[in-house]
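Count the sequence shown with our numbering and you get residues 8 to 391, in order. We put the beta carbon where it would ideally sit given N, CA and C, even for glycine. Worksheet: one structure, shown below.
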Amino acid sequence: MAAARQGLELERQRYQELFEFAPDGYLVTSANLGIQEANHAAETLLNVRRDRLVGKPLSIFVASEDRDAFHLQQQGLGEGQQIKDWEVRLQPRDRKPFPAAIAVSTIYDSQGQVVGWRWLIRDLTGRKRSDQTRQQLEQERELSKLKSRFINTVSHEYRTPLNVIHASAELLEKRAHHMSEEKKSLLLQKIQVSGQYMNRLLDDVLIYSQAESGELKYSAALIDLELFCKGLIAEHQFSNGSKHAINFTRQGKSPSTCLDARLLRQILDNLLTNALKYSPPNGAVNMELNCESDKITFRIRDQGIGIPPEDQHRLFEPFYRAKNVKTLPGTGLGLAIVKKAVEVLEGAITVESEVGVGTTFTVILPIKNWVKDKNKKPEIIAMQ
Ligand code: ADP
Numbered sequence: 008m009a010a011a012r013q014g015l016e017l018e019r020q021r022y023q024e025l026f027e028f029a030p031d032g033y034l035v036t037s038a039n040l041g042i043q044e045a046n047h048a049a050e051t052l053l054n055v056r057r058d059r060l061v062g063k064p065l066s067i068f069v070a071s072e073d074r075d076a077f078h079l080q081q082q083g084l085g086e087g088q089q090i091k092d093w094e095v096r097l098q099p100r101d102r103k104p105f106p107a108a109i110a111v112s113t114i115y116d117s118q119g120q121v122v123g124w125r126w127l128i129r130d131l132t133g134r135k136r137s138d139q140t141r142q143q144l145e146q147e148r149e150l151s152k153l154k155s156r157f158i159n160t161v162s163h164e165y166r167t168p169l170n171v172i173h174a175s176a177e178l179l180e181k182r183a184h185h186m187s188e189e190k191k192s193l194l195l196q197k198i199q200v201s202g203q204y205m206n207r208l209l210d211d212v213l214i215y216s217q218a219e220s221g222e223l224k225y226s227a228a229l230i231d232l233e234l235f236c237k238g239l240i241a242e243h244q245f246s247n248g249s250k251h252a253i254n255f256t257r258q259g260k261s262p263s264t265c266l267d268a269r270l271l272r273q274i275l276d277n278l279l280t281n282a283l284k285y286s287p288p289n290g291a292v293n294m295e296l297n298c299e300s301d302k303i304t305f306r307i308r309d310q311g312i313g314i315p316p317e318d319q320h321r322l323f324e325p326f327y328r329a330k331n332v333k334t335l336p337g338t339g340l341g342l343a344i345v346k347k348a349v350e351v352l353e354g355a356i357t358v359e360s361e362v363g364v365g366t367t368f369t370v371i372l373p374i375k376n377w378v379k380d381k382n383k384k385p386e387i388i389a390m391q
């Protein structure tokens with residue numbers, strides 16, 4: 008008998024030690040959540056001595072922003088619900104709140120009545136910190152992938168125009184006296200076109216990285232949209248050697264509105280460039296402008312190679328190019344820039360396309376009172 012009592016006492020001591028030195032906080036509360044017992048870890052977590060903890064309501068150690076949620080959980084407990092891995096912010100004395108995971112088990116008396124609760128409290132600060140670190144690392148990895156894709160694309164895309172410049176300049180240097188004027192101006196033209204291409208590529212990279220870091224800011228100006236579009240078309244027709252017919256149509260009244268000319272140019276210029284690049288020389292390209300009281304719609308339609316359906320949802324990712332581009336040059340940055348510019352203007356862009364039939368990009372921009380400084384008259388811009 009004495010041996011059995013001694014055995015029971017040893018068992019009790021063992022559990023007491025486990026309770027006492029457990030790495031997680033343990034509390035025992037009455038049925039109405041008054042603290043009755045606490046282990047060493049709970050004392051440390053709540054920063055209150057055990058004798059001061061006893062008798063206090065548990066709810067005072069819940070951070071104020073989570074108290075309503077705590078009362079709901081408390082009601083649930085009363086109705087027999089389980090609490091397991093519930094995340095809550097606890098408020099220790101004189102310290103900042105910390106995130107904790109809580110699990111609760113019910114204590115019954117010999118008649119099966121609920122007489123209290125056992126609370127297991129795990130401090131999640133370390134885990135949250137390592138989640139944050141993991142997220143940061145993930146972001147850094149993405150950024151570094153993006154950077155190396157930038158470097159790869161730019162160096163790859165620079166090689167061809169640089170070779171053209173190099174070879175043309177060498178020819179001009181060594182053989183100019185044997186060449187017709189026509190041949191010389193052709194070589195000079197090649198040098199110019201290659202230089203322009205390199206410039207544009209660099210601009211794209213800079214604009215995209217500006218957009219990525221949120222530096223693509225809005226700057227309002229009063230724009231005559233019809234003149235703006237026609238000017239842009241004329242530019243493209245000139246640089247394209249009039250290989251394509253670019254038709255312009257307008258619907259709606261007053262086409263003058265307050266917008267950011269630089270961003271609008273980025274959008275329409277990239278869409279027109281693509282419509283021309285991805286269409287055969289005789290394919291017509293249409294640009295439609297529709298001005299309504301609350302929004303402006305631009306639609307750029309071509310009869311080109313089209314975009315395979317499986318590529319359409321990824322077009323706006325930087326460097327993404329559809330499978331059917333073959334040897335047509337490009338970096339996959341244009342549409343990523345267009346998307347960012349549309350976002351800054353709080354608009355939307357959609358694409359409809361069928362392989363071998365053609366592609367239509369639609370951009371809808373809301374008309375807003377973009378001029379922040381009412382006293383400042385916006386500059387009137389037809390083309391930039
Ligand atoms: P890129 O420099 O390759 O033209 P963009 O970002 O402007 O880059 O476009 C991404 C991809 O979307 C292109 O590589 C091409 O596959 C597809 N694309 C864009 N516009 C058109 C179009 N009008 N017709 C067919 N494909 C297009």
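- Selection Thr113, Tyr327 and Asp73 evaluated against Gly87 yields Thr113 as nearest (Cα-Cα).
- Closest option to Ile374, judged by alpha-carbon separation, among Leu266, Met186, Val364 and Gln310: Leu266.
- Ile253 has its Cβ no nearer than 7 Å to any heavy atom of ligand 1.
- Rounded to whole angstroms, the separation of the alpha carbons of Leu239 and Asn293 is 13 Å.
- Ligand 1 approaches Ala329 closely enough that one of its heavy atoms is under 7 Å from the residue's Cβ.
- Per the coordinates, the alpha-carbon of His243 lies some 8 Å from the alpha-carbon of Thr280.
- The alpha-carbon separation between Ser263 and Leu232 amounts to approximately 6 Å.
- Scanning Leu275, Gln310, Glu222 and Glu317 for the CA closest to the CA of Ala291 turns up Gln310.
- Distances between the C-beta of Leu342 and the heavy atoms of ligand 1 include at least one below 7 Å.
- In this structure, Leu53 keeps its C-beta atom at 8 Å or more from the C-beta atom of Arg125.
- Here DSSP, grouped into helix, strand and coil, assigns Met205 to helix.
- Between ligand 1 and the CB of Thr160, the shortest heavy atom gap is not smaller than 7 Å.
- For Ser300, there is no enclosing beta strand (DSSP E), as DSSP marks it with neither H nor E.
- In chain order, Val35, Thr36, Ser37, Val61 and Gly123 place their CB closer than 7 Å to the CB of Gln43, counting only its own chain and leaving out the 5 sequence neighbours on each side.
- Short note on Tyr285: C-beta closer than 7 Å to some heavy atom of ligand 1.
- Around the CB of Thr132, fewer than 16 other CB atoms lie within 10 Å, so the residue is classed as exposed.
- Under DSSP, Asn293 takes part in a beta bridge, and its partners are Asn254 and Arg308.
- Annotated as distal: Phe255 and Leu275, with beta-carbon spacing of 8 Å or more.
- When Cβ pairs closer than 8 Å are counted between the two stretches, the segment 348-364 is seen to touch the segment 314-325, the count reaching three or more.
- Looking from the CA of Ala343, the closest CA among Gly337, Gln89, Lys191 and Phe326 belongs to Phe326.
- As the crow flies, the alpha-carbon of Leu169 is around 15 Å from that of Gly337.
- Below 8 Å, too few C-beta pairs join the segment 149-160 and the segment 171-191 to call them touching: fewer than three.
- Looking at the DSSP output, Ser175 bridges to nothing.
- In this structure, Ile274 has its CB at a distance of at least 7 Å from all heavy atoms of ligand 1.
- With a cutoff of 8 Å on beta-carbon distance, Val111 and Val69 are scored as not near each other.
- Taking C-beta separations shorter than 7 Å and ignoring five residues to either side along the sequence, Leu213 has no partners in its chain.
- Relative to ligand 1, Asp309 has its C-beta within less than 7 Å of a heavy atom.
- Put simply, of Arg134, Tyr215, Gln118 and Glu164 the residue whose alpha carbon is nearest the alpha carbon of Phe105 is Arg134.
- Distance between Lys103 and Ile307, taken at the CA atoms: about 56 Å.
- Between the beta-carbon of Lys197 and that of Leu179 there is about 10 Å, and that puts the pair past the 8 Å contact cut.
- With a contact defined as Cβ atoms closer than 8 Å, Val351 and Leu270 qualify at about 6 Å.
- Annotated three-state conformation of Gly341 is helix, per DSSP.
- Inter-residue distance for Ile253 and Val362 is about 21 Å (C-alpha atoms, whole angstroms).
- By the neighbour-count criterion, in which 16 or more other beta carbons inside 10 Å mark a residue as buried, Ile67 falls on the exposed side.
- Within its own chain, no residue has a Cβ closer than 7 Å to the Cβ of Leu193 once the five positions on either side in sequence are excluded.
- In this structure, the beta-carbon distance from Leu40 to Gln81 falls below 8 Å.
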